[in-house]
Each structure stands twice: as structure tokens, then as C-alpha cells.
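In my numbering, the protein residues as written are 20 to 176.
All C-beta atoms, glycine included, are put in the ideal place defined by N, C-alpha and C.
Since the structure is predicted, the reported quantities are computational estimates derived from the model, not experimental observations.
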């Protein structure tokens with residue numbers, strides 16, 4: 020599969036994506052645990068069907084020490100016993116934040132309250148921005164059919 024656009028070859032994309040990469044770097048430096056960030060990024064990308072981001076985040080998480088069992092179970096996190104209550108709250112918020120069109124009310128109060136039990140305001144802010152960021156990046160990749168499989172750990176950091 021060939022990409023419809025090469026984002027690194029056009030001045031407009033280069034300027035815009037520079038800011039996207041800066042946002043991603045700021046999120047990496049946030050107080051939201053790195054493990055949680057990778058799990059959330061992976062789950063959002065699974066929901067959206069973004070192969071490039073699934074490739075990237077599974078490789079980044081594995082390189083950071085995440086187990087294959089946990090990575091393989093992200094898609095079925097509700098039934099899996101390998102995630103902490105805090106991770107489960109983050110994954111639930113990520114799902115509702117990604118499926119806003121399916122959930123007429125957006126993120127429900129119960130889901131928000133559950134996340135707020137596990138994360139402080141700074142971490143919640145990072146979580147919300149991460150979910151939004153991943154949805155945006157997923158769409159950039161899906162619309163232009165960016166191929167997956169060749170990502171190298173650290174390639175965009």
C-alpha cells in the first residue's frame with residue numbers, strides 16, 4: 020500500500036506536523052504515567068483502525084518494557100485481569116472520548132468520576148489531551164492511508 024500523501028515532503032504539512040510533534044513531546048513529559056499513555060494511545064488507535072499508530076505504540080510500549088500479554092489484551096481490557104484500576108479508568112475514558120459519535124452524551128459523568136478518582140487534575144488534563152491528540156493523528160494517517168509495519172522505536176521522538 021502506498022500513502023496518498025507524503026507529509027514530510029510538503030511545506031504546509033511540515034509546518035503543521037512540527038506543532039503536532041511538539042504536542043506529542045509535551046504529553047510524553049506530562050505526569051500521566053508513560054505506561055498509561057502507551058496503553059491509551061494503543062486503544063484509541065485500535066478503535067479507529069489506525070495501523071500506523073498501532074504499529075508505533077505497540078513497539079514503543081514493548082521497548083519500554085510492556086509485556087506482550089498486556090499489549091495483546093488492550094483490545095479486551097474489560098475482561099482482562101492484567102490492568103490496574105487506574106489503567107482501566109483511563110482506557111474507559113479513552114474509549115468514550117473516542118466514540119463520541121456513538122455515545123450521544125460524550126464521556127459520561129460516571130466514567131469521568133472514575134478517572135478523577137485515580138488521576139489528579141494535571142494527569143486528567145494530559146489524558147484528555149492525549150485522547151484528542153491520538154484521534155487527530157489517527158485521522159491524519161487513515162485519510163491518507165499511511166502504511167504500517169516499518170516503524171522503528173524512537174523514530175518520531
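Cβ atoms of residue 142 and residue 61: under 9 Å apart, would you say? Contact flag unset, no.
Inter-stretch contact at 8 Å, needing at least 3 Cβ pairs: the stretch 118-127 / the stretch 31-51: Per the Cβ contact rule, the stretch 118-127 is not in contact with the stretch 31-51 (fewer than 3 Cβ pairs under 8 Å).
Measure from the alpha carbon of residue 120 to the alpha carbon of each residue in 66, 59 and 31, then state which is nearest. Per the C-alpha coordinates, the member of 66, 59 and 31 positioned closest to residue 120 is 66.
So is residue 169 buried or exposed if we call it buried at 16+ other beta carbons inside 10 Å? Taking a 10 Å sphere around the C-beta of residue 169, we find fewer than 16 other C-beta atoms and assign the residue as exposed.
From what residue to what residue does the alpha helix (DSSP H) around residue 113 run? Residue range 104-117 is occupied by the alpha helix (DSSP H) that includes residue 113.
Residue 57 by DSSP, collapsed to three states: which one? Looking at residue 57 - three-state DSSP - the assignment turns out to be helix.
Give every residue of the same chain whose Cβ lies closer than 8 Å to the Cβ of residue 111, excluding the five residues on either side of it in the sequence, and list them in chain order. Hits under 8 Å: 130, 133 and 134.
Quick check on this structure: which residue in 33, 32, 69 and 83 has the alpha carbon closest to the alpha carbon of residue 57? That would be 83, whose Cα lies nearest to the Cα of residue 57.
To the nearest angstrom, report how far apart residue 21 and residue 166 are at their CA atoms. So the alpha carbons of these two residues sit roughly 7 Å apart.
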